[in-house]
Structure formats: structure tokens, C-alpha cells
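What follows is one structure encoded as C-alpha cells, with my remarks underneath.
6 protein chains.
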Amino acid sequence: MNPSISRYPVPELGDLPADLRERIVQVQEKAGFVPNVFLALAHRPAELRAFLAYHDALLLKEGGGLSKGEREMIIVATSGANNCLYCVVAHGAILRVYEKRPLLADQIAVNPRKADITPRQKAMLDFALKVTRASHEVGDADFDALRAHGFHDEDIWDIATISAFFGLSNRLANVISLRPNDEFYLMGRVPRTKKENA
Amino acid sequence: MNPSISRYPVPELGDLPADLRERIVQVQEKAGFVPNVFLALAHRPAELRAFLAYHDALLLKEGGGLSKGEREMIIVATSGANNCLYCVVAHGAILRVYEKRPLLADQIAVNPRKADITPRQKAMLDFALKVTRASHEVGDADFDALRAHGFHDEDIWDIATISAFFGLSNRLANVISLRPNDEFYLMGRVPRTKKENA
Amino acid sequence: MNPSISRYPVPELGDLPADLRERIVQVQEKAGFVPNVFLALAHRPAELRAFLAYHDALLLKEGGGLSKGEREMIIVATSGANNCLYCVVAHGAILRVYEKRPLLADQIAVNPRKADITPRQKAMLDFALKVTRASHEVGDADFDALRAHGFHDEDIWDIATISAFFGLSNRLANVISLRPNDEFYLMGRVPRTKKENA
Amino acid sequence: MNPSISRYPVPELGDLPADLRERIVQVQEKAGFVPNVFLALAHRPAELRAFLAYHDALLLKEGGGLSKGEREMIIVATSGANNCLYCVVAHGAILRVYEKRPLLADQIAVNPRKADITPRQKAMLDFALKVTRASHEVGDADFDALRAHGFHDEDIWDIATISAFFGLSNRLANVISLRPNDEFYLMGRVPRTKKENA
Amino acid sequence: MNPSISRYPVPELGDLPADLRERIVQVQEKAGFVPNVFLALAHRPAELRAFLAYHDALLLKEGGGLSKGEREMIIVATSGANNCLYCVVAHGAILRVYEKRPLLADQIAVNPRKADITPRQKAMLDFALKVTRASHEVGDADFDALRAHGFHDEDIWDIATISAFFGLSNRLANVISLRPNDEFYLMGRVPRTKKENA
Amino acid sequence: MNPSISRYPVPELGDLPADLRERIVQVQEKAGFVPNVFLALAHRPAELRAFLAYHDALLLKEGGGLSKGEREMIIVATSGANNCLYCVVAHGAILRVYEKRPLLADQIAVNPRKADITPRQKAMLDFALKVTRASHEVGDADFDALRAHGFHDEDIWDIATISAFFGLSNRLANVISLRPNDEFYLMGRVPRTKKENA
């Protein structure tokens, strides 16, 4: 018997509204499996639609000063600070795949100060963690520190909003006991060619 | 000169995409003014659309075990814990209007334990604050405590998600220094008839 | 039935020692009502006398570098940090009346960094909050920072002592569940002339 | 050269108002020296008068459920939690003298759970520390826990007010860098007869 | 160029005293590589000897109520709480190998409450985390809770001492910026036979 | 009846392995009594041997930039932060004896900022407390701050390791309720000649 992926009832893919079903099938075709967050949050279709719209606006956006890998660094660091197993494991996997660096996600989840990243990226994660833990103390000095690393104000909006959005996601995942798919744990750790040959 | 409502550029209503403009005009007609959150977040139309979709799914939903006033209590209590001026002031106003009780919002923002609310509502806010501060420690005992007060599991999802969504909103508002409209501070404090006669 | 204003027995005005009765009648004549703190603390006349003597020495003192409005800012900010409903509501009212600025008290209670105050006043409240939360870490650097804003050492004593004295008041009020008078919530929010005409 | 006892100017005994001078001389005759708190706070005579009046109301009161030694236990435990050197050292000395138990003060200052005191006294100190650190969370359950140990509600008022008053004292002492008299460190540690014979 | 494994000079294996060199060679033969902790701490041979003696007394001991996998669970959970990259990664690897369960270490490092472990093991980790964060609050109730899960007092000593010893190790590793060997990240994640065939 | 010195069985000196017995007898001859830590930890001889080896490597080492008194300052400050009664009392005694300054230990245990020590020693204790509370945040800036006071990197290793090792000791002592010998409380407080004459 498989362990439950959520405290709440999990709908069958076939029972979902067409738009959500289509989106999930697309993800499944790309990833090879359906990440549990889709099915677990589909318990509330209207909320899942809003969640995905927000997610896409932040993570699929082209341009801006943050690479896709850097956006995932923010997610992994803040999810580590919020002790969210699902997000650390799932976005840790995506980070490894994007950056093609298998050690990075574990480093950032445990202690970003010890990660193999640039000083600019450390400043980015410092700010993300401040937004996560004490957003009411954010002020001009924080903006100045990031600008000194070449971030534009629009990048700072991105860092803050990604941190804040995954703070929402972390809380939901923690409350419903969202279980990461087993597949995530190994993704991006083994070179793809080696894996395909195995 | 009016004080700025956001660190970021604030679009003119007339420059917004039609769907957002329409929505904002509707709110304006109902409230008598445009709450600053709409214009400030319209700096990022795609994100604002997702924000509003999530907001509506949580707060406009009919049915369920939480009254509209109770949902606002959750917002005020958790926004107080996150030191978010915009959300405490704006949702404090809405709470006063919904509940027609002018003292409630200040009580809940400062210390829910001293508020004129029922034990069931205090349990609801205790849980909302735990989700806000330590969601990774939420477990079966928290669900049992809420069930003992007659909450269904779907209500618990609502409490958690409203807390988590406004945690996102609090962080955004704190980072962009979102300023509450002056109108909110007095809303619901003075009996409406008296005000109209004045 | 009126809600209780304290966990402890509340004496009748007529049963109080003459000196306390006189003082309370004076306040009543000026404010139009008896603030609950007087009657609730009169449960212990000797302690109330000391409390009032301390209060008066700090708040009625003429001269010095802190205006009466600034002293109330300190009280509101530190009482917010201590989650004291009575002091936030009662001194918020006094602050609004003194400063004739209806928004200020809510701003300072929720997040002084977002309040419409001067950098000098923000430095004053930063120090007041440090005294409140970590007085053992106060040192020369804190004195220097305040002097740079033009505060004299005697002003710093005032800021520290007002913070410390209302820390005492906050703890008492929280333990005895001291209830703010309903009158405080609206005081200073509506222009006085308008109110008198209503 | 003697080290300074306060950041602020310290008045000469002879320059003080007669009432304060008399009080201090009385203390000096009894203790054999003038505790530094008197001279340092005499920088503000009106405040010192209020301070002494409050102090006396709480600590010199006859009757009630708290022995004088127990009142000092509360002071030492909460002053330890507030990292106040003056109060730990001075009231630690008084506690040793009152209880005639030389080890007690150090135990309570470092960790009351490991002190040689009764379960009732541990409950008393648990409550005192809650008032010190999180008075806004004090509620009925705390009162019930103390009543189960035989405390009356008036005793609970005493515990709370002593904790709160010395929280004020701790903050003042920390900010002005009040230095304990050297005499306090050894008081009550050596049996009096042995000392007199030495 | 390889990244540095420590802020401090790292001795060559050949330059070490014979006893340490022998021990390290043994480990190397068993693990296939020299874990960086050995070389980095060998900067201080006398301290490394004591470190290894303590380590062995706790982790190589036969008998007792804690399996070798459970001892590693304690290390991973407490090292996660202390944000120690080296210990989470290295002991996470050992935990996966001992328990032959590739998901367990990541679960325990991020949030033990969500790990696939028994209620008894969760109680064990709750206690380990309390020792890590607030050992001064440990008392009889904690012992009773563990006994209720079948732990003997000697097991409780083991849990506490393993937590405390790795708290030492976590602090050292954090201060010297001890870098985990790359090999640890993948150990125990891929079935051994598959790896050998690859 | 003497109070118990540990929650766990305490071996008789005569029942201990010869090496431990010899060591303890040596200490007894020097100090005039057997410090309880020896007998209590002798419940686990292998662990005690490692403990003593680590202890000696850190505290008996000749040379280096930290005097023996300074090493004890580190122990007293960090044990105060960890609320460890045994270590504050026992090492406070040793600190008084080494430095021949009877006030120092109480000052450092309660608030190192108010102690009669040099700025260099205050920087040393600031770092020791950071290692104790947030070692994962230690970084280059902390090393630079200590180097500015003349500390070499080897001294910094010493400060960190002494803090970390006594963090282990504090946790053990707290969990087993290790009781300080009565003798420690007075040691170093009274001039030796006076005591001998008494």
C-alpha cells in the first residue's frame, strides 16, 4: 500500500475539471510522473487554479535578473527555513536539474552560507530569508544592499514575491502533510546519460 | 502632496488591462474608494490576477463553517502577528463592517486572547497563529482540538489557507511599504446612520 | 451586563481612600469617564499611589527633549510589542488627541517603521523597543545613535524609563485582563468639532 | 579610583532632598553600606520616590501567602531571565540572608528548575517567568495551576506585580549600567558568626 | 582546483601521528575515501583523538536500546536543527546506508514529524531536539514520556549524549566551514547492485 | 541525607577502573574534594575518558593566546547562556581562583557586557556566545573582528572549541541534573589567608 500523500481526500485525475486535467497531463508527460502537489491541491480546484496562475507568473516569466535556477535557490532556502519537506525535496530536485549541479540543493537547504554560490546569490538568499522571517523589518538598507550586487528593483520584487508565495505553499504543505513523490529524491543527482544506460 | 502608497511605480487606473480595470471600478463603486492594494499590486498584472483569484476563492466562497466575519478575524490576527500595517488596517475595517462591532478588530490585532469572541473563535485564531509561526509543528493534536470545537476538516483547510495566503500578502505589503488608505482607519467605527446625518 | 474590567474585584469609587478618589474624580472631569486602569489598580491602593507617582513623574514632567506626543509614541510602540490591549487602546487614544493625527497610533502599534514620523522619532522607538526586548544588550553604540539624532542623555533616560514603566503596566494589565473603556477606541479619530455638532 | 556605578551623574548623599537622604541613611545603618541603586536613581528624585513607594508596597507588606524569602526568589529568577547584574547580585544577597541558605540564589539565578525549592515554589517561579517573557499569554490555566498549589488570587497578583516591577528595575539598571556594590557578592555566603569572629 | 575543506590548514595524511594515520586508513579502506572531518580535525591531533574516542564510545557501542540507524537519526535531526551542512550530509549518508531506506535522511533533516519513522522514534527525536535547543528545561516529564515508549534510562542517556556530542561537532564544523566530501551526497540513494552494474 | 548529585547511579570511587580512580584521586588531592562531574560521568567510563581527554586538550594546553582565566571566562559565559547550574558554579569558582578576582564570575554569568574585563575579552565572549547560539551564522566578519583585537586564528579555534565542548557538557549536566558540590559556591570569594586563619 502506498503511503497517503495528503491528510485530505485526493481526487482521481479523471475526476478533475478539464483545464486542471490537461495541465496535469502536460506536467506528467514532461516529468514522467505527477508531482503530488497537483493532485493534493486539486481537492480545491478554484484554489489550485489561482495557485498555478501565481506560480506560473513568478517562475515561468521570461527575462528579469533572476535565472530559473536562482528562483529555485530562493524556494529551497526559504522552504528549508520553514521546514517544508515537500518543497525542499521537490524544488531541490528542480534546482539540481536546472543548474546541473547535484550538490547545490542540499547545501542551500541546510545552510546557504556554506553553499557553492556567488556572493550575489548569497545576498539574494539573505534577503529571501529576511522576507521569510521578519518582513516587517525590511527597509531601505536591504534594497541598497541588493542594488550593490546589481539587482534591479524589479528583481527585488521577484525575490520577495517568490519567498512569500512559497511561504504560502510551505504552510499548506505542512498542514496537509503533503508527501513528496519518491522520484524527486534522486532527480538530478545522477548524470542523466549514466542513468539512461543503467 | 499625497504620501506614496508603494515603493514601486503605481499604475494609473486608465492604463490597466480591461479586466483589472473593471474589477477595480466595481470595488470602487462598492467601497467608495480604491483600496491601495489593487493599484500597488497592479504593477504586476499577471500576479495581481492570481492574487485576486486566490483571494476570491478563499473569501467569497459561500458555505463552509467559517462566517465572513470569522475569515476576517483570521486575517487580522495573523497580520498582527506579521506586523503588516496595510492588512491590519484594511481588514480590521472590513471586520468591523461585517461584524458591526467596532472594538473587535483592535482587540484581535493586539491580543486575540483578550478579544470579545467565543472559545471556538479563540481556538480558530490559536490555530491560525500556529500556522503563521510554526506550520511545521502542526499535527494531529491540532486537528483534534479544532474538531472538538465543531470545526470540520474543510474548515481547518480554510483557516490554514487564509492564514497562509495573508502571510503572502503581509510579506508583499511589508516589502513594498504598501500604505493603507486613510479611509480604512475610521470605517466601521462610527454607526453608519450617525455618520450620514453628520 | 457590562463585561468585567479586571479578573480581580474592582472597588467602588466611593469606597476608595480620599486621595485616590479625588485624583480619579479629576481625571473623570477632564476625560469625561474614568479610565478602567484607575479602578482596577485601586484594588491595591498603596500600589496604585506608587504607580500614579511614577506615571506622573514621567509623563507630566515639563521640559526635556521629548514632547508629550513622543512620550505616548513610546508607550504605544512598546505596548504593541508586549501585546497589551489596554495600553495600546488607551494610550493610542491619548496619542491621537495630543498629536491631532488620527492615523498615527495604529501605525505605531502595528509597525513603527511604517509610521508617518521623523527619522529621529524612529530612532527613539527603535531604542524603546530594544529596552523592551533586550535591555541587557543596550550599550554605548545605542547612546551614540540617539545622540546623533540630537537626543540628550536625559532624554535617553526618559525613553528608557517610559519603556520600562509601561512594560510593568503591560504585564499587570495582561495578567489581570484589564479591559479598555469603550470610549478610548474612537477618541481622537473624529474631528472634535464635527463630533460636538453631531 | 572606584569604578563608576552608573552612566549618569550620581548625586552626593548630602545634596539629596531630606526625605530621600533620611531613607538612605536608614538603609545604610541597617545594611552597613548604601546600595548603589539608591544613589544612582536619586539622579531623578521624583522617580526614586515612586520607585521606593512601589518597592515598599510589594516587599514590605505584611501578610499574604508569599514569605519575604519567596518574594526575593521571584526577583532573582526574573532578574536572571532579564540578565540584570545589579538585581541578581543585590537581591541574591538579600535572598541568602532571608533564607539563611547560601546556595539558593545562585541556583535560582541560573536555573530555577535545579534549585533546592519546593514544587510550590517552582510553580511560583514558572509563573513569574511567564509574566516576564510572555505576559500576553497568561490565562485561566495559569491561575488554576497556581491555585492547585494553594496560592490565593491575591498571591498571584503579588507574584505578577513583583515580576513586573523588577522587570522595570532590570531595564533601568541595564540601561544605566548600574553597578552592584562589592559587598553584595559575599553577603549571606559565610555564616555570620564566623565572619564576626574573623 | 578542489574547494577548501576547512578554513584552517589541513594536514597531509602522511604527516599525521601514526595512531591517527592508521585509524584514517582503516576508515578509508572501508568507505572508499577519507571523510573530510578526519583530516580537518587532525589539525589538532590531541583534540581529534578525544573526539574519536567520544564518537566511538557513543556510536560503536554494542547493545542498548538504540539501533545504529536510530543513533544516526538523532545525529541527522539535531544537525539539521543546528544547520550543520557537514553533519547532515555525512550522517545522512550513513543513515541511508544503515537503514537501507534512501528517503529517510532528507525527511529527518527537514522535518522529523513528516518522516517515515515510528511514534517511538518520533518521541526519541523530539527529546533529542529538546536537548539541543533547551536542555535546561528537560525534566521528569521528558523521562516519563520516553519511558512510555519503552526507552530505558540508559537509552535516554544515549539520546542526550549523542545529541550533545554532535552539537559540539556541529559548532566546530560550522566555525571551520568543514566541507562534506562529494561522495556523501549520493551514498545510499542508489541501490548498490545497480551502481556496481552501471 | 545528602541530595543526589545525578539522576543516574553514581559509582563509588573504589569501583572505578584504575586510570579513572587515579585521575580522580589526583583532583581530590589538589581541590580538597571530588567535583561531582567526575563521579556522575563515571557512570560511563569510556565516555568519561573521552570527556577528560577533550577537556585536558583544551584547558591544560600550554601556550596560545588565551590565558587559563580567559578560557574559564568562556566557559562561564556560555554555560550561563545555556542555563547550566553545574558549569556556572564549578567553573565560576575556578575562574575566581585563577583570576584572583572574586566578582568576575558572577558578572560574566549574568551579563558579560557589564563585567570588569577588557574590550578584547568582551569580543572573545561575544564570539563564544555566537558559537553557542548561532554557529551556522559565523563567518569571515567574525574572524576579522577577533583578529582586530589581536587574536590569531588558532585562538579563535580555541574559543570556538571551548564553547562547543562546554555546550556538550552543559547539555549532559542539565539532562542528568548534575549537582554542583557545595564547596564551589564559596571558592575564590574569600581571600585564602583570611580563610586559613579563620
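Chains as they are written, first to last, in this note's numbering: chain U, 5 to 202; chain B, 5 to 202; chain D, 5 to 202; chain F, 5 to 202; chain S, 5 to 202; chain H, 5 to 202. Even for Gly, the Cβ is constructed at its ideal location relative to N, Cα and C.
Distance check for D/L70 and D/F155, CA to CA, integer angstroms please. 9 Å
Buried or exposed for H/L64, please, with buried defined as at least 16 other CB atoms from any protein chain shown within 10 angstroms of its CB. exposed
Would H/S8 be called buried (16 or more neighbouring beta carbons within 10 Å of its own) or exposed? exposed
Please report whether the beta-carbon of B/S139 lies at a distance below 7 Å from any beta-carbon of chain U. yes
With a threshold of 7 Å between beta carbons, is F/R193 in contact with chain H? yes
On the criterion of 16 or more Cβ atoms from any shown chain inside 10 Å, does H/P118 qualify as buried, or is it exposed? According to the sequence displayed, residue 118 of chain H carries Lys and not Pro. It counts as buried.
Got a sec? Which residues, its chain only, sit under 6 Å from H/L129 by beta carbon, not counting five neighbours each side? A81 and P116
Give a yes or no on whether the minimum CB-CB distance between U/N115 and chain S is below 7 Å. yes
Taking all protein chains shown into account, do 16 or more other C-beta atoms lie within 10 angstroms of the C-beta of B/F37, making it buried, or fewer, making it exposed? exposed
Near H/L107, what residues of its chain come up, given a Cβ to Cβ distance below 8 Å and the 5 sequence neighbours on each side ignored? D120
Own chain residues within Cβ distance below 7 Å of H/C88, not counting five before or after: N174, A177 and N178
Would U/A61 and B/A54 qualify as a contact pair, given that the criterion is a beta-carbon distance under 7 Å? yes
Within its chain, find whatever has a CB closer than 7 Å to the CB of S/T165; leave out the 5 residues flanking it on each side and keep chain order. L62
Please classify F/R151 as buried or exposed, where buried requires at least 16 other C-beta atoms within 10 Å of its C-beta. exposed
Helix, strand or coil for B/V114? Go by DSSP, reduced to three states. helix
For B/T165, the first and last residue of its enclosing alpha helix (DSSP H): D157 to I180
Quick check on D/Y90 - is its C-beta less than 7 Å from some C-beta in chain F? no
Does the region 83-97 of chain H touch the region 179-194 of chain H, meaning 3 or more C-beta pairs lie closer than 8 Å? yes
Taking the straight line between their C-alpha atoms, what separation do you get for B/F131 and U/P13? 21 Å
Please check if any C-beta of chain B sits within less than 7 Å of the C-beta of D/E200. With a pLDDT of 46 at D/E200, under the threshold of 50, the predicted position of this residue should be treated as unreliable, and no value is reported.
Which class does S/E51 belong to by DSSP, given the choice of helix, strand or coil? helix
Run through DSSP, which three-state label would H/P123 get? helix
Cutting at 7 Å between CB atoms, please list the residues of its own chain near U/E74, excluding the five before and the five after it. Q125 and M128
Could you check what DSSP says for B/V142 in three-state terms: helix, strand or coil? coil
Strictly under 7 Å for the Cβ-Cβ distance: is B/L182 near chain U by that measure? no
Secondary structure at D/R100, three-state DSSP: helix, strand or coil? helix
So, is the C-beta of S/K118 closer than 7 Å to a C-beta in chain U? yes
How big is the Cα-Cα spacing for H/K134 and D/V29? 54 Å
What number of angstroms, rounded off, separates the C-alpha of U/E76 from the C-alpha of U/L182? 19 Å
Should D/K198 be labelled buried (16 or more other beta-carbon atoms within 10 Å of its own) or exposed? Caution applies to D/K198, whose pLDDT of 47 falls short of 50 and renders its modelled position unreliable; the model cannot decide the point.
Just how far apart, CA to CA, sit U/S10 and S/Q111? 16 Å
Which residues in chain F sit within 8 Å of D/V142, going by Cβ to Cβ distance? N178 and V179
Compare the C-beta of S/D130 against all C-beta atoms of chain U and say whether one is closer than 7 Å. no
Output the residue ranges of the beta strand (DSSP E) runs that lie fully inside the region 10-57 of chain F and measure 3 residues or longer, sorted by chain position. none
Check the Cβ-Cβ distances between F/V93 and every residue of chain H, and say whether any is below 7 Å. yes
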